[in-house]
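Asker: Supplied in structure tokens, the structure appears directly below.
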Amino acid sequence: MALHFAREEYATRQRAVLTAMADSGLDALLMFKPESQYWTTGFDSFGYCFFQCLL
2 MALHFAREEY ATRQRAVLTA MADSGLDALL MFKPESQYWT TGFDSFGYCF
52 FQCLL
């Protein structure tokens, strides 16, 4: 799968999510909104037609 943004941007986004999780005391995070999944991973899906969850 090709990223829709630079690897450095991907790493920055991943760190932001992991930092926010740690600050909130979370061990896991469920993402249901396709926008959140796309922002975090760059995966562009048919999430509006088919239910998806990112763990």
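So the sequence shown is numbered by my numbering: it starts at 2 and just counts up by one. Note that the Cβ used here is the ideal one computed from N, Cα and C, for glycine as well. Bear in mind the structure is a predicted one, so any value in this text is a computation, not a measurement.
1) Would you kindly report the start and end of the unbroken alpha helix (DSSP H) that includes Met22?
2) When you compare each of Ser46, Thr41, Asp45 and Cys54 to Glu9 by their alpha carbons, which one comes out closest?
3) Are the beta-carbon atoms of Gln38 and Gln53 separated by less than 8 Å?
4) Can you tell me where the alpha helix (DSSP H) with Gln38 in it begins and where it stops?
Answerer: Judging by the given coordinates:
1) Arg8 to Asp24
2) Thr41
3) yes
4) Pro35 to Thr42
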